[in-house]
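Student: 1 is the number of the first residue of the sequence shown in the UniProt record's numbering; add one for each residue after it.
The C-beta atom is built at its ideal place from N, Cα and C for all residues, glycine as well.
No experiment lies behind these values; they were computed from the predicted model shown.
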Amino acid sequence: MEETMTLIRMSWRKASGLCAAISLMAGPALAQDTANCPPAQGALPDGYDWSDVEDALDNSSFLRGALIIYHKGDVAYWGGFGGWSGDDTCAEMLSHNFNVASLSKTMTAAIALSETGDTTTGFSLDDLVKEHITDATTLNSSEYDDGISPPEQGEPAYDHMTIGHLMSMTTGHDPIQAFPLNPLSCINNTAPLLGSDFETCGEAMIARAIEADADPNNDPDYVFKPGDAFSYGPMAWQILGLASLNAHNLSYTEDVTFTELVEHYLTGPDACNLPNTVIMPEDNEWPAGGFETDLFDGGVFAQALLSGQCNGKTLLTPSSLNDMRITQAPLTSSPEDIEVVSTPAKKLDLDYARGLWVYEPEDTGLSKLYLGVGAFGAIAFFSPDRDWAAYIHLNDQLLTGYVDATELIILDGGLGELIDAQADANP
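(1) So which of 222, 333 and 212 has the shortest CA-CA distance to residue 362?
(2) Got a sec, what are the start and stop residues for the beta strand (DSSP E) residue 307 sits in?
(3) Using the Cα positions of residue 60 and residue 161, report the straight-line distance between them to the nearest angstrom.
(4) So residue 223 and residue 215 are in contact, right, with Cβ under 8 Å, and what is the actual spacing, rounded?
(5) With a cut-off of 8 Å, do at least 3 Cβ pairs link the stretch 363–371 to the stretch 340–347?
(6) Pick helix, strand or coil for residue 206, following the three-state DSSP scheme.
(7) Under 6 Å Cβ to Cβ from residue 77, same chain only, skipping five residues before and after it: list those, please.
(8) Taking all protein chains shown into account, do 16 or more other C-beta atoms lie within 10 angstroms of the C-beta of residue 114, making it buried, or fewer, making it exposed?
(9) Let me make sure I understand the geometry here. Which of 135, 210 and 199 has the alpha-carbon closest to that of residue 142?
(10) Does the Cβ of residue 41 have 16 or more other Cβ atoms within 10 Å, making it buried, or fewer, making it exposed?
(11) Does the structure place the stretch 254–273 close enough to the stretch 298–317 that three or more beta carbon pairs sit under 8 Å?
(12) Roughly how many whole angstroms lie between the Cα atoms of residue 424 and residue 48?
(13) How many whole angstroms separate the CB atoms of residue 84 and residue 66, which I take to be in contact at a CB cut-off of 8 Å?
(14) Restricting to Cα atoms, I'd like to know which of 53, 170, 348 and 177 is closest to residue 226.
(15) Going by other Cβ atoms of all chains shown within 10 Å of its Cβ, with 16 needed for buried, is residue 322 buried or exposed?
(16) Compute the distance between the beta-carbons of residue 246 and residue 132, then report whether it is under 7 Å.
(17) Does the beta-carbon of residue 406 have 16 or more other beta-carbons within 10 angstroms, so that it is buried, or is it exposed?
(18) What number of angstroms, rounded off, separates the C-alpha of residue 284 from the C-alpha of residue 278?
(19) Please list, in chain order, all residues of the same chain as residue 304 whose beta carbon is under 8 Å from its beta carbon, the five residues on each side excluded.
(20) Select from 127, 302, 414 and 172 the residue whose C-alpha is nearest the C-alpha of residue 243.
(21) DSSP three-state call for residue 427: helix, strand or coil?
(22) Who are residue 132's beta bridge partners in DSSP?
(23) Compare the beta carbon distance of residue 376 and residue 401 with 7 Å and say whether it is the shorter of the two.
(24) Assuming residue 381 is part of the beta strand (DSSP E), what are its boundary residues?
(25) Does residue 413 pass the burial test, meaning 16 or more other C-beta atoms within 10 Å, or should it be called exposed?
(26) Taking DSSP as the reference, what is the three-state secondary structure of residue 268?
(27) Can you list, in chain order, the stretches of the alpha helix (DSSP H) that have 4 or more residues and sit fully within the stretch 107–171?
(28) Whose C-beta lies closer than 7 Å to the C-beta of residue 328 among residues of the same chain, with five residues either side of it excluded?
(29) Taking 7 Å as the cut-off, decide whether the C-beta atoms of residue 139 and residue 206 are in contact.
(30) What span of residues does the alpha helix (DSSP H) with residue 375 cover, start to end?
(31) For residue 429, which three-state DSSP category applies?
(32) Could you check the C-alpha separation between residue 28 and residue 95 for me, to the nearest Å?
(33) In terms of alpha-carbon separation, which member of 166, 58 and 99 lies closest to residue 86?
(34) Do you know how far the Cα of residue 204 is from the Cα of residue 195?
(35) For residue 391 and residue 164, what's the separation of their Cα atoms in angstroms?
(36) Using a 10 Å radius around the Cβ and a threshold of 16 neighbouring Cβ atoms, would you call residue 265 buried or exposed?
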């Protein structure tokens with residue numbers, strides 16, 4: 001049965017690859033900037049043996065993809081596999097630029113955390129959402145049980161919901177699908193009839209229902225208290241994007257768009273300089289899933305998640321790096337401490353921090369890993385223990401690509417363990 005399902009998945013991937021190829025033929029490819037091209041493969045540091053890594057990639061279920069690895073701040077490996085195995089020049093690899101799905105959440109988290117290090121904005125994880133979106137409590141008057149009994153009283157959720165809750169997806173919001181899976185959703189939707197501009201969509205997500213608290217002793221009208229329930233989905237990120245934008249514009253007396261905010265903190269030449277990384281769609285940017293990038297920009301971003309540095313600039317201060325990595329939703333390590341409204345990681349032994357999944361291996365000799373994961377398999381992952389970062393550039397058009405890609409990294413003999421071995425061999 002397992003072999004049959006593998007064949008079915010691979011057949012679907014071949015079909016989806018054909019669809020992707022057809023879509024690429026529909027319009028001219030955009031010219032790509034070579035700013036982040038690494039040294040040629042023949043000029044990479046000596047002393048590493050990546051043959052086991054390449055075997056793992058070639059033996060994976062993916063038909064095509066690419067991987068870049070940084071160790072001690074420098075590129076130690078890059079290359080394609082499968083259908084991209086012959087793409088060994090920068091120009092060839094740059095032609096593979098595509099949407100990275102929920103890796104966008106990690107990018108949006110990095111932008112917001114970079115803003116917390118901006119003394120001009122004073123933006124903080126402890127800020128209430130309503131401080132930056134002032135009509136939040138008007139848009140959503142849901143209440144949670146204050147825990148005082150008797151008498152039982154309700155507290156407005158948005159009087160207590162913070163920026164940190166948004167970034168850890170512990171708001172308890174009722175999950176919602178983005179467009180086109182949900183044609184009526186404003187998220188990722190540019191239909192004028194829906195009023196799908198960035199501000200309107202963010203406020204619409206605030207108005208979305210918060211799940212009723214599962215505690216049977218509670219009044220059924222009460223919702224989850226912020227911080228008590230993990231709810232994976234795009235709602236919190238749309239709200240976070242709007243709150244981050246409002247905080248910046250108020251502090252700088254500006255009227256920039258979210259695209260311009262992304263350029264200011266992450267992609268622009270005065271930030272990480274990721275010239276081939278953009279967020280879509282225009283005018284109604286999608287912080288949870290709208291980023292597009294290539295292998296080399298993705299590698300720079302992965303290394304920045306590890307070190308906080310990129311392009312000679314600070315993306316994340318040491319304090320922000322720490323804030324990003326602290327587990328907020330212990331889905332595996334302490335599941336009794338968190339309610340789950342929705343999660344895509346039921347079969348994966350992962351906790352959630354802020355914009356990052358956290359993997360703690362049972363073998364204490366292996367690295368604790370942090371991962372930003374996209375549905376199609378694009379993953380930035382890194383080990384602070386051994387000072388390496390990597391980005392695997394995958395565009396599996398099935399929504400299960402993230403499971404296969406994550407397992408390729410975290411399972412016994414996976415990429416995490418293999419990269420650890422090379423880091424240990426080159427201290």
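Tutor: Answer, in terms of the structure:
(1) 333
(2) Here residue 307 belongs to no beta strand (DSSP E); instead the alpha helix (DSSP H) covers 295–307.
(3) 42 Å
(4) About 11 Å separates the two Cβ atoms, so there is no contact after all.
(5) no
(6) helix
(7) 50 and 69
(8) buried
(9) 210
(10) exposed
(11) yes
(12) 10 Å
(13) 6 Å
(14) 170
(15) exposed
(16) yes
(17) buried
(18) 13 Å
(19) 110, 272, 310, 315 and 316
(20) 127
(21) coil
(22) Answer is none; residue 132 lacks a bridge partner.
(23) yes
(24) 379–383
(25) exposed
(26) coil
(27) 129–132, 136–139 and 163–167
(28) 168, 170, 352, 353 and 354
(29) yes
(30) From DSSP, residue 375 is part of no alpha helix (DSSP H); its letter is neither H nor E.
(31) Outside the modelled stretch of the chain, which goes from 1 to 427, sits residue 429, for which no answer is possible.
(32) Low per-residue confidence applies at residue 28: pLDDT is 35, beneath 50, and the placement is therefore not dependable, though the value from the model is reported in the following sentence. About 11 Å.
(33) 58
(34) 10 Å
(35) 26 Å
(36) buried
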